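Below is one structure, written out as structure tokens; comments come after it.
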Amino acid sequence: MSTYMVMAPPDVKDPAASPETADRLVFIADRFSWFAFGFSAIYLLWHRMWLVLLGYLVVATALELSAAMIGDAAPAVATLAISLLFAFEANGLRRWTLERKGWRMISVACGADVEEAELRFFRGLEQGTAKAPATPPHPTAAPIIPRIGTEHVVGLTLGQETRR
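Just so we're aligned, residue 771 is where the sequence shown starts under this note's numbering, counting upward by one.
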């Protein structure tokens, strides 16, 4: 069973308002992406992740050039490492790209595949149980207490400062 993040475009207020609105929702799996592992650049182009593509090309080129200087099997290992790391983070980067464009995560849905996750999500909307995940409250900042005195100490001291 996989977890899917349900993303809505900026102009969608009620995902169940109409079938056209529901069709615009995007379900992004929170798992390893085999397509991104095998065809990283094509994955980025397909999903129109331009900024991520630029970063990917810079990092991949730099790593490949440095691995080529080492020689032996280093370029192959570097290519495998880049593809593996990107495949683990591809869907998270896709979610980040959509959030930069103003999309928002409206819910989380689980299912064996995307169709089952969609069914569970929309059934939950009908029953009123599909809600956005609770965001933890931000901790309040501790007040800054001003130091009073003429101490010129960095760190802890065992006693009072004595002047010579």
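Yeah, the Cβ is synthetic: ideal placement off N, Cα and C, and Gly gets one too. Since we're looking at a predicted model, the values are computed, not measured.
Using the rule of at least 16 other Cβ atoms within 10 Å of the residue's Cβ for burial, across every protein chain shown, is Ile840 buried or exposed? exposed
C-alpha gap between Ala851 and Phe891, whole angstroms: 35 angstroms
Mind checking whether Asp784 and Asn861 have CB atoms under 8 angstroms apart? no
Among residues of its own chain, excluding the 5 on either side of Cys880, which ones have a beta-carbon nearer than 8 angstroms to its beta-carbon? Met771, Ser772, Thr773, Tyr774, Ala887, Arg890
Among residues of its own chain, excluding the 5 on either side of Val796, which ones have a beta-carbon nearer than 6 angstroms to its beta-carbon? Met777
Mind checking if Leu815 is an interface residue toward chain C, Cβ cutoff 8 angstroms exclusive? Absent from the structure: chain C. Only one protein chain is present.
Applying the criterion that 16 or more other CB atoms from any shown protein chain within 10 Å of the CB defines a buried residue, is Arg893 buried or exposed? exposed
Cβ neighbours of Ala792 in the same chain (closer than 8 angstroms, five flanking residues each side left out): Pro785, Ala786, Phe892
Could you tell me the distance, in whole angstroms, from the CA atom of Phe802 to the CA atom of Phe809? 13 angstroms
Count the other CB atoms within 10 Å of the CB of Ser877; is the residue buried (16 or more) or exposed (fewer)? buried
By the three-class DSSP mapping on this structure, what secondary structure does Ala786 have? coil
Any heavy atom of the ligand ATP within a distance shorter than 7 angstroms of the CB on Val884? With respect to small molecules bound, the structure shown includes none, and the ligand ATP cannot be examined in it.
Take Tyr826 as the anchor and find which of Leu863, Trp804, Glu790, Ala844 has the nearest alpha-carbon. Leu863
Ile812 versus Trp820: straight-line alpha-carbon distance, rounded: 11 angstroms
With a CB to CB cut of under 7 angstroms and the five nearest residues on each side skipped, what residues in its chain are close to Val822? Leu814, Leu863, Thr867
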